[in-house]
Amino acid sequence: MSASQNTPGSNSSSHWLDLAESLAVIAAISGSVAAIVVEQIAVASIPLALSATLGLANRRRQIGAFQDQQRMEMAHLLQQNQADFQAQLDPIKQASEGVQSQIEHLTKQDTQTVQTIATLNTQTEKLESTIASLQNNHKQGEATVISLGEQSQATQAQMEELATQVQTIQAAIAELQSSATDLGSQVEDQKSSAQYLAAQTEGVEELVDILREIDALTQTISAHPNVAKHFFDRGMTRKRLQRLEDQRVAMEDFSQAIRLEPTFAHAYYERGLLKSEFGHKQHAVDDLRTAAKFYFDQGDLTQYEKARELSQEIHDLIAGSPSPEEETEQFLIENLFG
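So the sequence shown is numbered by UniProt numbering: it starts at 1 and just counts up by one.
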């Protein structure tokens with residue numbers, strides 16, 4: 001190796017041990033030759049021992065120098081290797097940092113991807129659940145459609161049955177309408193009968209009330225027989241019974257009232273009406289004229305006109321009676337100057 005030839009301290013001259021070893025070897029050879037010549041073996045061993053000692057020391061020195069040289073070469077190689085390694089390591093570090101940055105970026109992307117995948121998984125699960133629900137709903141819908149179809153068929157059958165029933169009901173309605181017409185007639189008859197019965201009932205009730213009133217007035221007359229008003233009231237009440245016998249009794253009550261009170265205009269008026277109904281026209285005219293006279297005297301002109309007109313109408317029915325104008329003039333002369 002060329003590196004082993006460049007030992008320290010050997011630039012221009014050899015180490016002194018090398019020179020001493022060479023001299024010792026020469027001296028040993030010379031001494032040995034001389035000892036052999038003079039036959040002094042002991043003397044010959046001294047140069048040899050010295051030469052061996054110097055050779056051993058020189059070998060040790062050489063070995064140490066060689067080891068130092070190796071250490072220096074190794075240190076140099078290590079430094080060179082470290083420099084080369086550092087020169088090679090820097091791009092690797094830069095590349096490693098780039099790779100680390102890419103790894104971090106990829107890690108972030110991977111995290112986002114994991115999150116996206118988790119979200120997609122969740123959405124997929126939801127979609128699967130929705131799909132399952134839709135499939136279930138679809139099955140239920142199919143079952144519902146089948147059920148509705150069956151119900152539709154049943155409904156159609158029911159509709160046909162109902163149509164038959166409607167026809168039957170319509171026929172029954174027509175029959176009922178015919179029966180209703182007959183019943184309507186019967187109801188009308190019943191209503192007429194009911195009205196007749198109601199009228200009779202009301203008539204009976206009214207008759208009872210009239211009889212009670214007549215009885216009360218009779219008791220009053222018994223207690224006060226000289227009061228013309230009591231006889232007049234009983235006559236008016238009995239007149240409501242509309243029977244001939246009751247009409248005659250009523251006329252007698254009016255006559256009794258006139259006997260008790262000769263100027264009782266109402267009594268004359270009512271008795272005149274009854275006499276006209278019994279056919280005693282002239283007597284009726286006389287009573288009505290008398291009533292008109294007393295109404296005029298009492299200032300009741302309304303009743304006066306009513307009594308006068310009624311007496312004139314009855315008088316006109318009597319054959320051979322004077323004209324209304326002449327009788328009115330005569331009546332006024334009698335009332336005003338008589």
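Note that beta-carbon positions come from the ideal geometry of N, C-alpha and C, so glycine has one too.
Whether residue i touches residue j by CB criterion (9 Å)
i, j, result
"Q247", "R234", "no"
"F278", "F254", "no"
"S51", "A34", "no"
"I258", "A228", "yes"
"residue 361", "A250", "In this structure the chain extends from 1 to 338, so residue 361 is not present and cannot be described."
"L241", "I210", "yes"
"S263", "D286", "Here residue 263 turns out to be Thr, not Ser, going by the sequence shown. Result no, Cβ atoms of T263 and D286 do not sit closer than 9 Å."
Inter-residue CB distance, residue i and residue j (contact presumed, cutoff 8 Å)
i, j, result
"A265", "L288", "At roughly 10 Å, the Cβ-Cβ gap does not stay under 8 Å, so A265 and L288 are not in contact."
"Q303", "Y295", "4 Å"
"E21", "G55", "5 Å"
"I314", "A284", "5 Å"
"N58", "D18", "6 Å"
"L260", "N226", "6 Å"
Cβ of residue i within 9 Å of any chain B Cβ
i, result
"G203", "This model lacks chain B altogether, as it is built from one protein chain only."
Residue i CB to nearest heavy atom of the ligand NAD below 8 Å
i, result
"Y295", "The model depicted lacks the ligand NAD and carries no ligand whatsoever."
Task: Those runs of the alpha helix (DSSP H) which lie wholly inside the region 206-250 and span at least 4 residues - done: Here the runs fully enclosed are 228-239.
Open item on the list: So within the region 92-139, which uninterrupted alpha helix (DSSP H) runs reach at least 4 residues, ignoring any that extend past its ends?
Closed with: Listed in chain order, there is nothing to give.
Task: Minimum length 4: unbroken alpha helix (DSSP H) runs contained in the region 253-280 - done: Unbroken alpha helix (DSSP H) runs of no fewer than 4 residues, entirely contained in the region 253-280, are found at 265-277, following chain order.
- [ ] Return the chain-ordered ranges of every alpha helix (DSSP H) run that is complete within the region 283-318 and spans a minimum of 4 residues.
- [x] Runs of the alpha helix (DSSP H) lying entirely within the region 283-318, each at least 4 residues long, are 301-317 in chain order.
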